[in-house]
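Colleague: Following this message is one structure expressed as structure tokens.
Protein chains in written order, with the working numbering: chain A, 5 to 274; chain B, 69 to 327; chain C, 2 to 161.
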């Protein structure tokens with residue numbers, strides 16, 4: 005079968021000693037497949053992306069990128085690695101002082117020595133892939149949210165990366181744009197043979213396009229993983245609550261609070 | 069004994085933040101050669117920082133020149149030394165007011181805009197995006213702005229002095245009626261290019277480095293929220309201004325002590 | 002396109018800065034009168050240099066011909082040794098004298114050179130022998146008091 009392109013091996017991570025964001029997690033992201041990482045807010049999904057990108061070093065455990073253990077201090081290695089990955093940020097993270105064209109051309113200009121004519125063709129091809137070839141001369145302030153997300157995607161794939169990471173690609177989009185985005189993610193993955201990693205809490209879209217699903221809980225705990233069909237059919241209460249969107253279950257509705265009688269000052273009770 | 073612990077904790081935090089800003093400055097210096105190679109970035113930043121500050125600097129310079137001429141005239145006329153007006157105005161501007169006032173205005177106008185820009189770039193994850201694209205944000209974003217600020221400040225300061233002297237000339241010769249020839253000649257004989265003008269330029273260079281570095285640092289470490297950015301811009305102005313005034317005292321004592 | 006105009010504006014900005022610098026340096030400071038050319042050095046010894054400072058002008062007939070470059074104390078003779086740099090075009094006879102004068106009533110002090118009548122001129126490294134020290138206010142007052150006392154004494158003596 006396919007081998008893991010990315011391997012997370014017993015990784016524990018917290019920004020400081022008080023909060024552990026990821027707790028002894030072990031995951032594998034298979035080459036050429038779309039893997040979705042689902043979970044509520046605060047369960048460490050975005051942090052996972054940063055660890056893979058080499059922005060932070062894990063407190064313990066290893067992160068393996070195509071067989072190489074990531075060493076955050078090795079700048080040359082980080083540089084090589086980052087050339088092979090593209091990331092779509094949650095709100096696009098487009099460079100607001102540049103046009104759509106310049107944003108997509110940015111990685112090409114910075115990381116390659118290609119002549120301008122060639123860059124021109126590549127940029128327009130990437131924009132065409134996301135359906136925005138006509139929007140090339142627009143300024144970032146002139147494009148809508150959904151379009152900005154697509155421009156960011158075009159920028160992320162400008163260098164034809166082997167690993168594409170999507171941070172909440174469906175958040176805040178209308179149904180049409182969501183469908184477009186999901187379609188793009190799946191098609192790109194199949195056409196380029198890249199490995200895709202989708203971070204989201206949007207269950208239906210992710211189930212529809214992923215080959216493998218991982219569910220994390222708050223505190224960085226791995227709850228379950230499997231094919232979309234397996235998770236949808238799971239009897240585990242935590243998994244069921246998440247995939248069905250039930251308001252109460254293992255993830256409680258009420259924030260921990262003292263007894264109601266105490267809070268409302270009802271007679272006598274201490 | 070809690071207050072003792074609190075003071076200790078506060079002191080340690082202060083030292084920590086001093087250390088962080090020093091490390092930041094060192095990193096910034098390390099990124100300079102790369103920025104120099106891409107001088108186009110520096111040029112566009114000089115436009116954003118320097119050219120955009122021209123109006124306020126020139127307007128303030130002219131106003132200060134006018135007022136200085138008037139005030140000094142009233143003071144000097146009492147001693148019958150009104151003819152020294154040109155000299156007094158020149159020295160005040162070139163030695164002190166030019167570098168210091170320009171630095172304060174610069175911190176307010178360019179410093180806050182730098183802080184806000186960097187802070188918002190950080191909030192919008194543009195800095196993270198650059199990092200993940202294997203581009204060092206210090207080289208591409210911070211160092212060009214630093215160079216631009218360090219280059220613009222001395223230019224702005226000397227323009228402030230120049231237009232201040234011209235403004236003073238308008239008031240002194242035009243309004244008050246001081247002899248124009250005298251106005252210039254007393255400056256020419258009393259103002260030393262290397263000692264007065266030169267030291268003023270050195271001062272403004274130092275101030276430029278301070279103001280720009282502080283502005284960039286505050287933007288870089290700000291919290292990515294509206295309140296965070298607002299707070300950071302305030303800190304930029306306060307820290308820049310206090311540092312400039314403090315450095316001014318030290319530099320003046322060093323440079324202009326009578327030997 | 003936009004890049005070109007930005008570059009032009011920045012170039013203009015830098016040009017304005019340089020222009021301001023030149024304006025201040027030339028019109029409002031002493032760069033223009035700086036002796037660009039060659040200079041030669043002389044020395045002069047004074048019993049009291051008063052308030053003379055380094056970089057003070059050296060004038061002859063009121064015209065600036067040089068600058069004071071250093072002031073030191075000779076530990077053997079306890080005289081002030083002043084080193085001067087004079088413009089190469091200007092030469093003084095070997096018996097010229099140097100005085101420390103004050104510009105105006107309360108102004109800065111400078112060195113004035115009165116030319117002598119010798120046929121030979123100073124060459125570089127020479128020492129000006131004839132000097133007059135600066136006027137020290139206290140000594141002046143002391144002299145005045147003494148002379149007043151002297152006059153009063155003479156009058157008394159005459160009356161007797």
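Here a beta-carbon is modelled for each residue, glycine too, at the ideal position from N, C-alpha and C. Here the structure is a predicted model, which is why all the values come from computation and not from measurement.
1) Which residues in chain B sit within 8 angstroms of residue 14 of chain C, going by Cβ to Cβ distance?
2) I need the straight-line Cα distance from residue 206 of chain B to residue 317 of chain B, nearest angstrom please.
3) Give, in chain order, every residue of the region 229-240 of chain B whose Cβ lies closer than 7 angstroms to some Cβ of chain C.
4) Would you please state the rounded distance, in angstroms, between the beta carbons of residue 308 of chain B and residue 175 of chain B? I believe it to be under 8 angstroms.
5) Compare the C-beta of residue 24 of chain C against all C-beta atoms of chain B and say whether one is closer than 9 angstroms.
6) Can you tell me which of the three DSSP states residue 139 of chain C falls into?
7) DSSP puts residue 122 of chain C in a beta bridge; with which residues?
8) Check whether chain B comes within 9 angstroms of residue 146 of chain C, counting only Cβ atoms and requiring the distance to be less than that.
9) Just the C-alpha distance for residue 60 of chain A and residue 91 of chain A, rounded to the nearest angstrom, thanks.
10) Do you know offhand how far residue 192 of chain A's Cα is from residue 118 of chain B's?
11) What alpha helix (DSSP H) runs, 4 residues minimum, are completely inside the region 81-115 of chain A?
12) What span of residues does the beta strand (DSSP E) with residue 4 of chain A cover, start to end?
13) Between A/146, A/100, A/162 and A/153, which has its C-alpha nearest residue 128 of chain A's C-alpha?
14) Along the chain, where does the beta strand (DSSP E) that runs through residue 190 of chain B open and close?
15) Which residues, taken in chain order from the region 231-254 of chain A, show a beta carbon closer than 8 angstroms to some beta carbon of chain B?
16) Let me confirm a value: residue 174 of chain A is counted as buried when at least 16 other C-beta atoms fall within 10 Å, else exposed. Which label applies?
17) With DSSP run on the structure shown, which of helix, strand or coil describes residue 66 of chain A?
18) Apart from the five residues just before and just after residue 86 of chain A, which ones in its own chain have a Cβ nearer than 6 angstroms to its Cβ?
19) Count the other CB atoms, across all protein chains shown, that sit within 10 Å of the CB of residue 258 of chain A; report buried if there are 16 or more and exposed otherwise.
20) Under a Cβ-count criterion, where at least 16 other Cβ atoms within 10 Å of its own Cβ denotes burial, should residue 99 of chain C be classed as buried or exposed?
21) Looking only at its own chain, which residues have a Cβ that is under 6 angstroms from the Cβ of residue 150 of chain A, when we skip the five neighbours before and after it?
22) Is residue 262 of chain A helix, strand or coil by DSSP?
23) Are the C-beta of residue 77 of chain A and some C-beta of chain B separated by less than 9 angstroms?
24) Look up residue 111 of chain C in the DSSP assignment and give the residues it is bridged to.
25) Contact between the region 103-120 of chain B and the region 9-25 of chain C: three or more CB pairs below 8 angstroms?
26) Given 8 angstroms as the limit, is there contact between the region 218-236 of chain B and the region 124-136 of chain B, that is, 3 or more CB pairs closer than that?
27) Using a C-beta cutoff of 9 angstroms, does residue 62 of chain C count as contacting chain F?
28) Kindly indicate if chain B contains any beta-carbon less than 9 angstroms away from that of residue 8 of chain C.
29) Measuring only the C-alpha atoms, how far is residue 159 of chain B from residue 22 of chain A?
30) Using only alpha-carbon positions, find the residue among A/213, A/232, A/266 and A/48 that is nearest to residue 224 of chain A.
31) Per DSSP, what kind of secondary structure is residue 274 of chain A in: helix, strand or coil?
32) Exposed or buried, which one is residue 75 of chain B when buried takes at least 16 other CB atoms within 10 Å?
33) Would you say residue 51 of chain A lies against chain B (beta-carbon separation less than 9 angstroms)?
34) For residue 43 of chain A and residue 240 of chain A, I'd like the C-alpha separation in whole angstroms.
35) For residue 211 of chain B, which residues from the same chain have a beta carbon less than 8 angstroms from its beta carbon, with the 5 sequence-adjacent residues on both sides left out?
36) When we look at the beta-carbon of residue 267 of chain B and count the other beta-carbons within 10 Å, is it buried (16 or more) or exposed?
Modeller: By the coordinates alone:
1) 114, 115, 118, 119, 122, 220 and 223
2) 31 angstroms
3) 229, 230 and 233
4) 4 angstroms
5) yes
6) Assigned with DSSP and collapsed to three states, residue 139 of chain C falls in helix.
7) C/94
8) no
9) 16 angstroms
10) 45 angstroms
11) 104-115
12) Absent from the model: residue 4 of chain A. The displayed extent of chain A is 5 to 274, so no value can be given.
13) A/162
14) Taken as a continuous stretch (DSSP letters only), residue 190 of chain B belongs to no beta strand (DSSP E), being part of the alpha helix (DSSP H) at 180-191.
15) none
16) A residue is called buried once 16 or more other Cβ atoms fall within 10 Å of its Cβ, and residue 174 of chain A is buried on that count.
17) strand
18) none
19) Counting the other Cβ atoms within 10 Å of the Cβ of residue 258 of chain A gives fewer than 16, which makes it exposed.
20) buried
21) 177 and 181
22) coil
23) no
24) C/102
25) Yes: at least three Cβ pairs fall under 8 angstroms.
26) yes
27) No chain F appears in this structure, whose protein chains are A, B and C.
28) At least one chain B Cβ lies under 9 angstroms of residue 8 of chain C.
29) 58 angstroms
30) A/48
31) In this prediction, residue 274 of chain A scores a pLDDT of 49, lower than 50, which makes its location untrustworthy; the coordinate-derived value is nonetheless stated afterwards. If DSSP states are grouped into helix, strand and coil, residue 274 of chain A belongs with coil.
32) exposed
33) Contacts with chain B at 9 angstroms (Cβ-Cβ) do not include residue 51 of chain A.
34) 15 angstroms
35) Answer for residue 211 of chain B: 96, 99, 100, 102 and 103, listed in chain order.
36) buried
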